[in-house]
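A.B. asks:
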Amino acid sequence: MKMHYDVEGGEFINVGTASSQFKKTLKMLGIGADIIRRISISMYEAEINMVIHANGGSIDTEITPERIHVVLQDQGPGIENLDLAMKAGYSTASRQAREMGFGAGMGLQNMKRNCDELQISSVLGEGTRVEITVYLNQES
Amino acid sequence: MTVGEIVEKLGLEVACGRDHLDRTVSGGFVGDLLSVVMGKATEDCVWVTIQGHMNIIAVASLVNVSCVIVSEGYAVDEDVLVKAEEEEIPILRSKDSSFEVVRALVGAGV
Numbered sequence: 001m002k003m004h005y006d007v008e009g010g011e012f013i014n015v016g017t018a019s020s021q022f023k024k025t026l027k028m029l030g031i032g033a034d035i036i037r038r039i040s041i042s043m044y045e046a047e048i049n050m051v052i053h054a055n056g057g058s059i060d061t062e063i064t065p066e067r068i069h070v071v072l073q074d075q076g077p078g079i080e081n082l083d084l085a086m087k088a089g090y091s092t093a094s095r096q097a098r099e100m101g102f103g104a105g106m107g108l109q110n111m112k113r114n115c116d117e118l119q120i121s122s123v124l125g126e127g128t129r130v131e132i133t134v135y136l137n138q139e140s
Numbered sequence: 001m002t003v004g005e006i007v008e009k010l011g012l013e014v015a016c017g018r019d020h021l022d023r024t025v026s027g028g029f030v031g032d033l034l035s036v037v038m039g040k041a042t043e044d045c046v047w048v049t050i051q052g053h054m055n056i057i058a059v060a061s062l063v064n065v066s067c068v069i070v071s072e073g074y075a076v077d078e079d080v081l082v083k084a085e086e087e088e089i090p091i092l093r094s095k096d097s098s099f100e101v102v103r104a105l106v107g108a109g110v
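Order-wise, the sequence lines are chains A and B.
With full-length UniProt numbering, the residue at position 76 of the first sequence is 76, and numbering never jumps.
With full-length UniProt numbering, the residue at position 60 of the second sequence is 60, and numbering never jumps.
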């Protein structure tokens, strides 16, 4: 089962629409609560990043009997130093984003911790692609 | 302990979710940085924050907290309350600081 979501940039007030819709779909499919929590947190963090750093992008999800796979692609500025970005507490979020409680520098950490596989590829000036996988057939 | 008991003991304003006050509360978390809350808050906890905007509903729902207490008298937008009602998350309000709210929660036995 595949789904596609377009994420608009710039609007901090209602971030997470795609993640919340996807979460509802997973619930309807009867996926376990812990799996839903993990993939939803990962996807929500990635969706936030897309909105506050890259002016939006697109998300494609695929659910198979084995796994949930989420691909987030944006045409944003790219990540200059991925190792640094992965460090807890490091953030380049704007002041406006921080005032709303984003920009704690914990997003990538949360993504990594809540999924089974995380792949990030980024090209400066071209964009970032984030792939998140959670396996369905293993207890976490 | 239930959300309703907390409302009563702390004298909180129920901004929405009146039908879900029977939910059990175990533990609590205080934080205004959303990613920290998502990373550390546990299921069924009471979440104390000064944030009153739409994104708290996404976080509250993802973590599956039992209720949110918006402290310091911060306003909660009407559309946030509508969304919270949809997600069945009680939003409670207090004029007290987060510190005072937590002190009262601890005193109440959370």
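C-beta atoms are modelled at their ideal positions from N, C-alpha and C, and glycine is treated no differently.
For a test of the three-state rule: what should DSSP assign to Thr24 of chain B, helix, strand or coil?
C.D. replies: For the purposes of this step, residue 24 of chain B is taken as residue 24 along the second sequence, with counting starting at 1. In the structure shown, Thr24 of chain B sits in a strand (DSSP, three-state: E or B).
A.B. asks: Using a Cβ-Cβ cutoff of less than 6 angstroms, which residues in the same chain neighbour Glu131 of chain A once the five nearest sequence positions on both sides are dropped?
C.D. replies: Residue mapping note: residue 131 of chain A aligns to position 131 of the first sequence, counting from 1. Result list for Glu131 of chain A: Val71 and Gln119, in chain order.
A.B. asks: Report yes or no: do three or more beta-carbon pairs, one from the region 40-47 of chain A and one from the region 108-118 of chain A, lie closer than 8 angstroms?
C.D. replies: yes
A.B. asks: Return the CA-CA distance between Lys23 of chain A and Gly32 of chain A, expressed in angstroms with no decimal places.
C.D. replies: The count along the first sequence starts at 1 and reaches residue 23 of chain A at position 23. The count along the first sequence starts at 1 and reaches residue 32 of chain A at position 32. Approximately 11 angstroms, taken between the alpha carbons.
A.B. asks: Excluding the 5 residues preceding and the 5 following Asp74 of chain A in the sequence, name in chain order all residues of the same chain whose CB lies nearer than 6 angstroms to its CB.
C.D. replies: As a first step, residue 74 of chain A must be located in the first sequence, where it is residue number 74. So the qualifying residues of the chain are Met50, Ala54, Gly57, Gly127 and Thr128.
A.B. asks: Taking the alpha-carbon positions, what's the Arg37 of chain A to Lys40 of chain B distance?
C.D. replies: Your numbering for residue 37 of chain A matches position 37 in the first sequence. Your numbering for residue 40 of chain B matches position 40 in the second sequence. The straight-line gap from Cα to Cα measures roughly 13 angstroms.
A.B. asks: Determine the burial state of Ala75 of chain B: buried for a count of at least 16 other Cβ atoms within 10 Å of its Cβ, exposed for fewer.
C.D. replies: Along the second sequence, read from residue 1 onward, the residue named residue 75 of chain B stands at position 75. Note on Ala75 of chain B: under 16 other CB atoms within 10 angstroms of its CB, so exposed under the neighbour-count rule.
A.B. asks: Taking the alpha carbon of Asp96 of chain B as the reference point, which residue from B:Gly52, B:Val70 and B:Met38 has its own alpha carbon closest?
C.D. replies: Here residue 96 of chain B is taken as the residue at index 96 of the second sequence, counted from 1. Ranking B:Gly52, B:Val70 and B:Met38 by Cα distance to Asp96 of chain B puts B:Val70 first.
A.B. asks: Whose Cβ in chain B lies nearer than 8 angstroms to the Cβ of Ser40 of chain A?
C.D. replies: Counting from 1 along the first sequence, the entry for residue 40 of chain A is found at position 40. The contacting residues are Leu62.
A.B. asks: Entirely within the region 33-92 of chain A and at least 3 residues each: give me those beta strand (DSSP E) ranges in chain order.
C.D. replies: 56-63 and 67-74
A.B. asks: So that I know if they touch, is there some Cβ in chain B lying closer than 7 angstroms to that of Ala104 of chain A?
C.D. replies: For the purposes of this step, residue 104 of chain A is taken as the residue at position 104 of the first sequence. It does: the Cβ of Ala104 of chain A has a partner Cβ on chain B nearer than 7 angstroms.
A.B. asks: Does DSSP classify Ala15 of chain B as helix, strand or coil?
C.D. replies: In the second sequence, the residue the question calls residue 15 of chain B occupies position 15. In this structure, Ala15 of chain B counts as strand in the three-state DSSP scheme.
A.B. asks: If I measure Cβ to Cβ from Cys16 of chain B and keep anything under 6 angstroms in the same chain, skipping five residues before and after, which residues do I get?
C.D. replies: For the purposes of this step, residue 16 of chain B is taken as the residue at position 16 of the second sequence. Excluding residues within five positions, the ones whose Cβ falls inside 6 angstroms are Leu81, Ala84, Glu85 and Ile91.
A.B. asks: Tell me, to the nearest whole angstrom, how far the beta carbon of Gly103 of chain A is from that of Ala88 of chain A; I am working on the premise that it is less than 8 angstroms.
C.D. replies: Reading the first sequence from its first residue, position 103 is the one you call residue 103 of chain A. Reading the first sequence from its first residue, position 88 is the one you call residue 88 of chain A. Not confirmed; about 13 angstroms, so no contact.
A.B. asks: Could you tell me whether the region 24-34 of chain B touches the region 76-83 of chain A, using the rule of 3 or more Cβ pairs below 8 angstroms?
C.D. replies: These segments do not touch.
A.B. asks: Here's a check: name, in chain order, each residue in its chain whose Cβ is nearer than 8 angstroms to the Cβ of Val102 of chain B, leaving out the five neighbours to either side.
C.D. replies: Your numbering for residue 102 of chain B matches position 102 in the second sequence. Closer than 8 angstroms at the Cβ level, and outside the excluded window around Val102 of chain B, lie Gly28, Val30 and Val48.
A.B. asks: Under 7 angstroms between C-beta atoms, does Gly107 of chain A make it to chain B?
C.D. replies: Here residue 107 of chain A refers to the residue found at position 107 of the first sequence. Taking Cβ atoms only, chain B reaches closer than 7 angstroms to Gly107 of chain A, which makes this a yes.
A.B. asks: Just the chain B side, please: which residues come within less than 9 angstroms of Arg37 of chain A by C-beta, in chain order?
C.D. replies: For this step, residue 37 of chain A is matched to residue 37 along the first sequence. By Cβ distance, chain B contributes Glu43, Leu62, Val63 and Asn64.
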